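Q: Below are the structure tokens for one structure; questions will follow.
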């Protein structure tokens, strides 16, 4: 389920009285409007009067028809029902219950990882296009009422938001006990205490190398020591068993460090996850640099005898393994070689809604 763009009409009721005039709502991409999905689009009716008017065609109409208008009406009715739901209703047609929500708090990042974005960064939307704090919390509350009990805050880099502690505390007040954060760890250590007290329960730290010079090469930034301090700090603030290290593996970059990463789980209750590099816009994905899950396993088994697969949650996107005598686990996210789309139960809200 995907929440749609903020380029919406300022009032649904106003549109309702002119069903054939400006009744279509466009996103910034004409091929990506709210009518392309059957799922309810929540964000549009949460917008305040500051929302811009919809784009229209040259003849002054939106070029739509009655069926599109009726679909929008149904979406609004479903969304309104969800705000008052007493029983979970986030079951889809594949019998998956979507109780896990990921919210991107920002598009900005303080690193420029080579596998993620170009050297000069990517286009960032103007701030008025992004969700406000109130909108983030309104959406979170809506999904919690519908059955979500696990929320992860992501980015960009979520620690760049000054109101992160407030957002976590407010989500905690909604009754959510599993609140996770995915971060590059650059700024985490100094904020761990206050975020933990606010209600943060789980932390994922992205780290693709254990060598300082390689860190600078991959991220195009300094800060390697900061990340290591954040990992150590998380273990000291009660995140043992609730801390994951995410490592994107690429040939010619860090595939020789897999055993070293696995060793992190030897004496610490840390879950180390190796992630297959996926292609997406502007990340210059290269098939020759792709390292599959099977190849990673073979490399680590040369050093450590990995246990058979550890069964986890039926909706888990990670294949988990253990090593005799290790306190932590090893995991593999096999997005490319053995995808898990059929069991995934995650919902995602982008920073622009």
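Residue numbers (our numbering): 893 to 1245. Glycine included, each C-beta is placed from N, C-alpha and C at the ideal position. A quick note: this is a predicted structure, and the numbers were derived from the prediction, not measured.
For residue 1191, does the three-state DSSP call read helix, strand or coil?
A: Position 299 of the chain shown, counted from the start, is the residue given in the question as residue 1191. Three-state result, residue 1191: helix.
Q: Here's a check: name, in chain order, each residue in its chain whose Cβ is nearer than 6 Å to the Cβ of residue 1212, leaving out the five neighbours to either side.
A: For the purposes of this step, residue 1212 is taken as the residue at position 320 of the chain shown. Hits under 6 Å: 1202, 1204, 1221 and 1223.
Q: Could you tell me the boundaries of the alpha helix (DSSP H) in which residue 1152 lies?
A: Locating residue 1152 in the chain shown gives position 260, where the first residue counts as 1. Unbroken alpha helix (DSSP H) run through residue 1152: 1150 to 1155.
Q: Got a sec? Which residues, its chain only, sit under 6 Å from residue 1094 by beta carbon, not counting five neighbours each side?
A: Residue mapping note: residue 1094 aligns to position 202 of the chain shown, counting from 1. Closer than 6 Å at the Cβ level, and outside the excluded window around residue 1094, lie 1072 and 1134.
Q: In the DSSP assignment, the alpha helix (DSSP H) including residue 1143 goes from what residue to what residue?
A: Your numbering for residue 1143 matches position 251 in the chain shown. Unbroken run through residue 1143: none, as it is neither H nor E.
Q: Apart from the five residues just before and just after residue 990, which ones in its own chain have a Cβ nearer than 6 Å to its Cβ?
A: Reading the chain shown from its first residue, position 98 is the one you call residue 990. The answer, listed in chain order, is 982, 1237 and 1239.
Q: Do residue 1001 and residue 1062 count as a contact pair if the criterion is CB distance below 7 Å?
A: One-based indexing of the chain shown puts residue 1062 at position 170. One-based indexing of the chain shown puts residue 1001 at position 109. Their beta carbons are not under 7 Å apart, which means residue 1062 does not touch residue 1001 by this criterion.
Q: Within its chain, find whatever has a CB closer than 8 Å to the CB of residue 1198; leave out the 5 residues flanking it on each side and keep chain order.
A: In the chain shown, residue 1198 corresponds to position 306, counting from 1. Excluding residues within five positions, the ones whose Cβ falls inside 8 Å are 1189, 1192, 1213, 1214, 1215 and 1222.
Q: Can you look up residue 1163 in the DSSP assignment and give me helix, strand or coil?
A: Position 271 of the chain shown, counted from the start, is the residue given in the question as residue 1163. Strand at residue 1163.
Q: Once you ignore the five residues that flank residue 1004 on each side, which residues in its own chain have a CB closer than 7 Å to its CB?
A: The residue given as residue 1004 occupies position 112 in the chain shown. Apart from sequence neighbours up to five positions away, the residues of its chain that approach residue 1004 with a beta-carbon distance below 7 Å are 1011, 1013, 1111, 1112 and 1113, ordered along the chain.
Q: Taking DSSP as the reference, what is the three-state secondary structure of residue 1213?
A: The sequence position of residue 1213 within the chain shown is 321, counting from 1. It is a strand residue.
Q: Tell me whether the beta-carbon of residue 862 lies closer than 7 Å to the beta-carbon of residue 1076.
A: Residue 862 is absent from the structure shown; the chain starts at 893 and stops at 1245.
Q: Enumerate in chain order the residues of its own chain whose CB-to-CB distance from residue 1242 is below 6 Å, with the five nearest sequence positions on each side excluded.
A: Numbered from its first residue, the chain shown carries residue 1242 at position 350. For residue 1242, where only same-chain residues beyond five positions count, the Cβ hits under 6 Å are 996.
Q: Quick one, are the C-beta atoms of residue 1091 and residue 1043 less than 7 Å apart?
A: Here residue 1091 refers to the residue found at position 199 when the chain shown is read from its first residue. Here residue 1043 refers to the residue found at position 151 when the chain shown is read from its first residue. Not a contact, by the Cβ cut-off of 7 Å.
Q: I need the straight-line Cα distance from residue 1194 to residue 1153, nearest angstrom please.
A: The residue labelled residue 1194 in the question sits at position 302 within the chain shown. The residue labelled residue 1153 in the question sits at position 261 within the chain shown. Near 14 Å, if we compare the C-alpha coordinates of residue 1153 and residue 1194.
Q: Between the beta-carbon of residue 1158 and the beta-carbon of residue 1232, is there less than 7 Å?
A: Along the chain shown, one-based indexing puts residue 1158 at 266. Along the chain shown, one-based indexing puts residue 1232 at 340. Not closer than 7 Å, so no.
Q: When you compare each of 1147, 1160 and 1100 to residue 1128 by their alpha carbons, which one comes out closest?
A: Taking the first residue of the chain shown as 1, we reach residue 1128 at position 236. Cα-wise, what sits closest to residue 1128 is 1160.
Q: Enumerate in chain order the residues of its own chain whose CB-to-CB distance from residue 1041 is below 7 Å, with the five nearest sequence positions on each side excluded.
A: The sequence position of residue 1041 within the chain shown is 149, counting from 1. Answer for residue 1041: 991, 1068 and 1070, listed in chain order.
Q: Give me the residue from 1081, 1022, 1156 and 1207 with the minimum Cα distance to residue 1051.
A: For this step, residue 1051 is matched to residue 159 along the chain shown. Closest by alpha carbon: 1081.
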